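Let me begin by presenting the structure, written as structure tokens, before commenting on it.
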Amino acid sequence: MTDKEKNTIAQTEIIVTGFGGQGIILAGKILGMAASLGDHKESTLVQAYGPESRGGACNAQVIISNTPIHYPYVQYPDILIAMSQAGYDKFAGQITEDSILLIDQDLVPTVDAPCPAYAISSTRMAEKLGNKMMANIIMVGFTTAITQLVSTSSAEDMIAKSVPKGTEQKNIAAFTKGYDYGLSTLKGRERKAAGQTGAIV
Amino acid sequence: MTMHNKESSPIKIILFLCNWGAHAAYQTLQDEQRPIPDEVHMVRIPCTGRIDRALLLKAFSMGGDGVALVGCDPGTCRYGTGTATAQRNTKDTGMILDLLGLGSDRLRFASFLPDESEKLLLFLETFLHDLQQRGKTSIQPAVGAQPVTNIPMNAGPELQQLIAAHDIYACQDCGKCSSACPLALIGKPFSARGIATAAIAGNLNDESVKENVWSCLTCGLCYERCPSAVNFPKFIKELRHLYKQNNKLGDETHGGFLHALMRSMASPELTPNRWQDIPQELQVDQKSNILFYGGCAPYYDIFFNKHLDVHTEKILFDAIRLLNFFDVHPRLLKDERCCGHDLLWSGDKECFLQIARLNADRLNSLGIDTMITSCPECYMTFNTTYPAHGLALNFEVIHLYEFLEKEIDRSAVSFKPLAKNITFQDSCRLTRLEDKPELPRQLLDRLSPESFQEMQESGRAAVCCGNSAWTGCDSYSKAMQVKRLEQAQDTGADLLVTACPKCQIHLKCAMEDPLRLNKLSIDMQDLTSVIAQSISWK
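Here it is, written out as structure tokens:
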């Protein structure tokens, strides 16, 4: 499929990767469900089973589209979300110039991508918020801000439905944290491009 | 009450007249029965250079509408530098008058030779004419200027009420306060528990007790340590008010200049003229619902630059730069007054209340929802003191550090490496009285200096910069400042980061020690400025 065809049918293909246990699959699931149940688009999820999901380089493949999806596997991701170095290394070869790369900068220290890359300390932020298990939700927020992949309201709804009972508010706060940081990252790049790096001009 | 007086009472010109050259000219006018205007009130002085800025300002704060400082030509001063000093003082005070919205031309320096009597008369007539055009100043004599005497100091309901309200009987006389008090530790015969005991025993009239009450730093270290939680700073604040009512005043530092300034700002009709020299690139929006409150920094810069190289107004500009960095274009108040902190803490409660009411009314009428300030004293005063005096504000008061921490925490920003070893001087108001030692530290931890080393005493245990409320500075204050600066040196720091403009002024003063030369000197910068310089988008 060429890029042109992709654009006309507005299909976005995503790979989320990281260690098993980080909530990689859940992040993928939330993005997909937000798109289909919330934003009324089509979506598919292929998740890694087997040993990966118990600690290796695990991944979730999500496709979001305006039209029915015929094939659920992702070969060249439009968006690669990497939360471990091993996960990044595994999929680095599939990134194209038009991809967007989103990483946890503390867990993916070495990046050499041909595409725009956005970094966040999601795990550290989650630790500060009280539970590093929420790093994936922060990443969902970050992704939502940078890529506008799903609407914030759908993402928040799906997060509230997907996380353990009683932790909804904390997870929404984590989403907001990642989302704000994403918006701020975009703003910062805009400012830098305009030559306004710091507070003293 | 005032409008009527204002129109009917004539213009008052205070003429400070040098004994040497110009007075002879004046005498000629008198001898020849020339029409010296009745509005001119002449004070004969030995030299114009001896009329310092405090006296010049006091002439206005006590009801003068114009002040003429008349002496000798440059180079002809009997004492050498008098004329130059007078010109400098006139210029400085003129700048202060501009900031107050009164206009610098209400203060004029002129020089006349003994035979220039007609010129002198013309000068006075012109000055009067100009002032008649301008009208009287909007300054009213301060409320509470007349002491209410006959309040018994040693017994009586007022004192008993103070003792009860501050739970002074809870003092166990254990001495923990003295073991913490920076004044006592530096060797001053000063005792917090001694004051408590004296209040109970009815010895407040003792000279030593009075001296102690007026030299307390109100820094709050004793309260921090007191096992009975006697709020000593608050008690001192009220005791000072009691003394003030009995006309037992403490020493106002800097000739009372700053107190005269603050009292002038309690005049309802005074309209200050602030923010004239704000750098052009700063973005403000007079319709914003976020107000930035600057505080008295520009006044300090004018006053202290005679001896010290301090630039505290830069802190305000850097604060606005940081607000701009985070897309906040704040509103500024052109007629911003003093918050009244130092008046209250130097016993002038009446004047404080007047200024506080004016501020509360003005600020509540703006329709803002947030006030941000970078001054710890403004912050405490608006946030805590106003409500405690029954003056509710219809907006939230936050310290700039709170705003910054929140914004930085959710933004993709980083801090450029700072090639300095830093240490930090706490503000007593923010750290102890408002109990927020973590506020500046969260921000300090975000910076990337070579090293950050706390001083031996830091946070809640930090030692005062030497003075508060411009009251009772003496050699012990100086010794304390020297000790503090030595502590800063001991950390190996080459940059002392501060959080209050007054810490900069006071510590800078101690660095001028002629015996220790440069041994104490260390670069100082406000935390706000350090952040403004190093913050950047990722």
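Chain order of the listed sequences is A and B. Just so you know, we're using this note's numbering here: the first sequence kicks off at 1 and counts up by one. Just so you know, we're using this note's numbering here: the second sequence kicks off at 1 and counts up by one. A virtual CB, placed ideally from N, CA and C, is assigned to each residue, including glycine. A quick note: this is a predicted structure, and the numbers were derived from the prediction, not measured.
Residue i, buried or exposed, once every other Cβ within 10 Å from all chains shown has been counted against 16
{"i": "D490/B", "result": "exposed"}
{"i": "R44/B", "result": "exposed"}
{"i": "C222/B", "result": "buried"}
{"i": "R54/A", "result": "exposed"}
{"i": "T67/A", "result": "exposed"}
{"i": "V463/B", "result": "buried"}
{"i": "A165/B", "result": "exposed"}
{"i": "V310/B", "result": "buried"}
{"i": "C174/B", "result": "exposed"}
{"i": "N174/A", "result": "What sits at residue 174/A in the sequence shown is Ala, not Asn. Buried, since its Cβ has 16 or more Cβ neighbours within 10 Å."}
{"i": "P268/B", "result": "exposed"}
{"i": "Q245/B", "result": "buried"}
{"i": "E252/B", "result": "buried"}
{"i": "Y49/A", "result": "exposed"}
{"i": "Y169/B", "result": "exposed"}
{"i": "D285/B", "result": "exposed"}
Chain B contact for residue i (CB, 7 Å cutoff)
{"i": "S184/A", "result": "yes"}
{"i": "I200/A", "result": "yes"}
{"i": "T197/A", "result": "yes"}
{"i": "D98/A", "result": "no"}
{"i": "D157/A", "result": "no"}
{"i": "D180/A", "result": "yes"}
{"i": "A10/A", "result": "no"}
{"i": "G21/A", "result": "no"}
{"i": "R191/A", "result": "yes"}
{"i": "G188/A", "result": "yes"}
Residue-level contact to chain A via CB, residue i, 7 Å cutoff
{"i": "S536/B", "result": "yes"}
{"i": "A297/B", "result": "no"}
{"i": "L433/B", "result": "no"}
{"i": "E281/B", "result": "yes"}
{"i": "F292/B", "result": "no"}
{"i": "F325/B", "result": "yes"}
{"i": "A319/B", "result": "no"}
{"i": "R410/B", "result": "yes"}
{"i": "A419/B", "result": "no"}
{"i": "L322/B", "result": "yes"}
{"i": "A532/B", "result": "yes"}
Under the three-state DSSP convention, the category residue i falls into
{"i": "I14/A", "result": "strand"}
{"i": "E396/B", "result": "strand"}
{"i": "E5/A", "result": "A caution first: E5/A carries a pLDDT of 49, below 50, which makes its placement in the model unreliable, though a value can still be read off. DSSP places E5/A in helix when its eight states are reduced to three."}
{"i": "W20/B", "result": "coil"}
{"i": "K420/B", "result": "strand"}
{"i": "S264/B", "result": "helix"}
{"i": "P77/A", "result": "coil"}
{"i": "Q533/B", "result": "helix"}
{"i": "M125/A", "result": "helix"}
{"i": "I315/B", "result": "helix"}
{"i": "V413/B", "result": "strand"}
{"i": "R441/B", "result": "helix"}
{"i": "H241/B", "result": "helix"}
{"i": "M153/B", "result": "coil"}
{"i": "T209/A", "result": "No answer is possible for residue 209/A: the residues shown for chain A start at 1 and end at 201."}
{"i": "P233/B", "result": "helix"}
{"i": "Y79/B", "result": "coil"}
{"i": "G71/B", "result": "strand"}
{"i": "S451/B", "result": "strand"}
{"i": "M42/B", "result": "strand"}
{"i": "A199/A", "result": "coil"}
Supposed contact pair residue j and residue i - C-beta distance, whole angstroms, cut 8 Å
{"i": "L69/B", "j": "Y476/B", "result": "35 Å between Cβ atoms; not a contact."}
{"i": "T144/A", "j": "C115/A", "result": "Not confirmed; about 19 Å, so no contact."}
{"i": "A412/B", "j": "Y181/A", "result": "6 Å"}
{"i": "I13/B", "j": "H41/B", "result": "7 Å"}
{"i": "I81/A", "j": "L102/A", "result": "5 Å"}
{"i": "D426/B", "j": "G466/B", "result": "With 8 Å as the limit, D426/B and G466/B do not qualify as a contact, their Cβ atoms being about 13 Å apart."}
{"i": "F403/B", "j": "I372/B", "result": "5 Å"}
{"i": "A532/B", "j": "D318/B", "result": "4 Å"}
{"i": "L45/A", "j": "A35/A", "result": "Contact doesn't hold; Cβ gap of about 10 Å is too wide."}
* Asked: Unbroken alpha helix (DSSP H) runs of length 4 or more, entirely within the stretch 156-203 of chain B: which are they?
  -> 156-165, 176-180, 182-185 and 192-201
* To do: Give, in chain order, every unbroken run of the beta strand (DSSP E) that is at least 3 residues long and sits entirely within the stretch 283-309 of chain B.
  => 290-293
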